[in-house]
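Residue numbers (the numbering used here): 1103 to 1357.
Working notes, beginning with the structure itself.
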């Protein structure tokens, strides 16, 4: 049975989509069968994995509104072992359209249950807000991975996210656990990055991945080419970091 990881943080610009794309690609590169699900209306994970988001016939939006089956909206990427459920701007209206639908928190989970056994890992990119799409991702997931940017306001909003995770665990998905925290955009030249890492370690009672993702021009360039970092620049520090993160995720025995 596949392990389902939601990549979430309601703060934007923390490397959530970058982490989703590159963790998925590095798990696939390691021979794991991976399904990536884009639940962000911006569709950046979709385009970052080389699919034209506006040309996708069936997306997560059609799936949520029960206009197609999950198998009809799974698209193959150009990467071996990596499939994708795409997203685009249509998804922005889904919240309103789902009003009044019973058990709307479980729509994604009920769909994913059909294909869960086909994959080793299912990685869900959440939107940068704590809305119904994020709740759907969390009711589907086994664990939540939280990317934290190494900047001054890193801890701000984190307690809110952890509160949401606890609420979902309490009321909707009792098996949900914290996968852990991964630091992104680390700049070794600044004291601030080091302070943020120490601050989070001292204040958070959760797993913190040893791998720290550096700030990198190559990582920033890769999505505009529709490629994950391990395909765009296989020998870059960004690619090596995400390979190390994928290895850590695969080696977690306590989940």
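The C-beta atom is built at its ideal place from N, Cα and C for all residues, glycine as well.
Option nearest residue i by Cα separation, candidates the options
i, options, result
"residue 1162", "1321, 1193, 1249, 1216", "1193"
"residue 1165", "1209, 1127, 1202, 1195", "1209"
"residue 1340", "1350, 1328, 1314, 1353", "1314"
"residue 1279", "1103, 1104, 1108", "1108"
"residue 1135", "1223, 1304, 1246, 1207", "1223"
"residue 1274", "1284, 1244, 1301", "1244"
"residue 1181", "1333, 1347, 1338", "1333"
"residue 1351", "1336, 1284, 1188", "1284"
"residue 1105", "1115, 1228, 1246, 1203", "1246"
"residue 1169", "1207, 1196, 1249", "1196"
"residue 1308", "1249, 1127, 1342", "1249"
"residue 1198", "1130, 1282, 1310, 1233", "1233"
"residue 1349", "1110, 1116, 1126, 1111", "1126"
"residue 1219", "1103, 1205, 1159", "1103"
"residue 1131", "1183, 1241, 1301, 1257", "1183"
"residue 1128", "1271, 1301, 1268, 1347", "1347"
"residue 1354", "1312, 1335, 1342", "1312"
"residue 1282", "1267, 1294, 1288", "1267"
"residue 1202", "1306, 1328, 1167", "1167"
"residue 1257", "1215, 1204, 1269, 1300", "1300"
"residue 1292", "1205, 1200, 1253", "1253"
"residue 1306", "1323, 1265, 1319", "1265"
6 Å CB neighbourhood of residue i in its chain, flanking five on each side removed
i, result
"residue 1186", "1138, 1151, 1177, 1179"
"residue 1191", "1143"
"residue 1124", "1330, 1331, 1344"
"residue 1119", "1146, 1147, 1227"
"residue 1276", "none"
"residue 1325", "1150"
"residue 1271", "1278"
"residue 1160", "1170, 1174, 1175"
"residue 1323", "none"
Whole-Å CB distance - residue i paired with residue j, under 8 Å assumed
i, j, result
"residue 1239", "residue 1226", "5 Å"
"residue 1217", "residue 1173", "7 Å"
"residue 1121", "residue 1286", "7 Å"
"residue 1310", "residue 1298", "Wrong, their Cβ atoms sit about 12 Å apart, outside the cutoff."
"residue 1158", "residue 1263", "Contact flag wrong, Cβ pair sits at about 29 Å."
"residue 1251", "residue 1115", "7 Å"
Coil, strand or helix - residue i by DSSP
i, result
"residue 1176", "coil"
"residue 1299", "helix"
"residue 1116", "coil"
"residue 1308", "coil"
"residue 1339", "helix"
"residue 1110", "coil"
"residue 1288", "strand"
"residue 1103", "coil"
"residue 1281", "strand"
"residue 1325", "helix"
Same chain, Cβ closer than 8 Å to residue i, five either side skipped, listed in chain order
i, result
"residue 1321", "1120, 1124, 1315, 1331, 1338, 1340"
"residue 1141", "1162, 1189, 1193, 1210, 1226, 1227, 1228, 1229, 1235, 1236, 1238, 1239"
"residue 1207", "1234, 1237, 1238, 1241, 1274"
"residue 1328", "1149, 1150, 1151, 1152, 1153"
Own chain partners of residue i with C-beta closer than 7 Å, once the 5 adjacent residues on each side are dropped
i, result
"residue 1117", "1249, 1251, 1286, 1287, 1315"
### Completely contained beta strand (DSSP E) runs for the region 1199-1249, where each covers 3 or more residues
1223-1227
### Query
Curious, which full-length beta strand (DSSP E) runs of at least 3 residues does the region 1119-1199 contain?
1136-1140, 1184-1187
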